[in-house]
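S.K.: Each residue of the sequence shown is one higher than the one before, counting from 1 in my numbering. Glycine included, every Cβ here is placed at the ideal spot set by N, Cα and C. Given the structure is predicted, the values throughout are model-derived calculations rather than measurements.
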Amino acid sequence: MESFAPVPPAQMHRHEHDQALVIELCCSAASGKVDHIQKLIATGVEINEGDYDQRTALHLAAGHGHLDIVQLLLDARADVQTLDCWGHTALDEAARGGYADIQAALRIAGANNGDTPRTAHAPSPSWPGPGMNTGSKN
């Protein structure tokens with residue numbers, strides 16, 4: 001039977017702190033807070049880490065139409081090929097939102113679409129899939 005050594009509290013605290021910064025970065029990217037993102041990048045936050053759905057700040061900025069933040073993250077060397085838990089890239093998010101300017105910027109940076117099609121069973125939290133109830137009554 002294998003024995004695992006417990007993680008020292010100092011390391012555990014550091015991981016929790018790092019993850020909190022990643023979540024803060026993702027939230028700031030989704031809400032368009034350029035100045036705050038610049039400060040987080042300056043602290044050395046890992047820009048290619050994702051949230052609970054493995055969506056990075058680049059996914060969220062692209063999906064919410066924030067070209068300035070997409071460019072800032074690209075300049076900071078964000079990975080354009082990172083996949084979220086549904087197999088989607090930031091380019092997929094920009095395409096889904098109809099943001100042609102962001103799609104162009106991501107393609108120039110070498111982005112490709114992900115391989116997994118979005119279905120009604122696994123919609124992106126930002127964009128309901130086809131046939132999903134969006135709460136509007138037509």
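Quick one: measure Cβ to Cβ for Ile84 and Gln54, integer angstroms, because I've assumed they're closer than 8 angstroms.
M.R.: Correcting the residue identity first, residue 84 is Asp in this sequence and not Ile. Right, the Cβ-Cβ distance comes to about 5 angstroms (below 8 angstroms), so this counts as a contact.
S.K.: Distance check for Asp51 and Ala62, CA to CA, integer angstroms please.
M.R.: Approximately 15 angstroms, taken between the alpha carbons.
S.K.: Below 8 angstroms on the Cβ atoms is my contact criterion, and I expect Glu46 with Asp18 to pass it. Report the Cβ-Cβ distance as a whole number of Å.
M.R.: Yes, they are in contact, since the Cβ atoms of Glu46 and Asp18 sit about 7 angstroms apart, within 8 angstroms.
S.K.: Buried or exposed: where does Gly98 fall if 16 or more other Cβ atoms within 10 Å of its Cβ makes it buried?
M.R.: Its Cβ having fewer than 16 others within 10 Å, Gly98 is exposed.
S.K.: Leaving out the 5 sequence neighbours to the left and right, which residues in its chain are closer than 7 angstroms to Asp68 when beta-carbon positions are compared?
M.R.: Taken in chain order, the residues that qualify are Val34.
S.K.: Answer yes or no: do Ile102 and Val70 have a C-beta to C-beta separation smaller than 7 angstroms?
M.R.: For Ile102 and Val70, yes; Cβs fall inside 7 angstroms.
S.K.: Quick one: what's got a C-beta closer than 6 angstroms to His88's C-beta in the same chain, skipping five residues either side?
M.R.: For His88, where only same-chain residues beyond five positions count, the Cβ hits under 6 angstroms are Gly114.
S.K.: May I have a chain-ordered list of the alpha helix (DSSP H) segments no shorter than 4 residues that lie completely inside the stretch 32-67?
M.R.: Listed in chain order, they are 34-43 and 57-63.
S.K.: Does DSSP put Asp75 in a helix, in a strand, or in coil?
M.R.: Helix.
S.K.: Under the rule that 16 or more other beta-carbon atoms within 10 Å means buried, what is Ala104, buried or exposed?
M.R.: Exposed, since its Cβ has fewer than 16 Cβ neighbours within 10 Å.
S.K.: Locate the alpha helix (DSSP H) running through Gly97, then write down its first and last residues.
M.R.: Ala90 to Gly97 is the span of the alpha helix (DSSP H), which, as asked, contains Gly97.
S.K.: By a C-beta neighbour count over all protein chains shown, 10 Å radius and 16 as the cutoff for buried, is Thr43 buried or exposed?
M.R.: Classification of Thr43: exposed, given that the 10 Å Cβ count is below 16.
S.K.: Taking DSSP as the reference, what is the three-state secondary structure of Ala111?
M.R.: Ala111 falls in the coil class under three-state DSSP.
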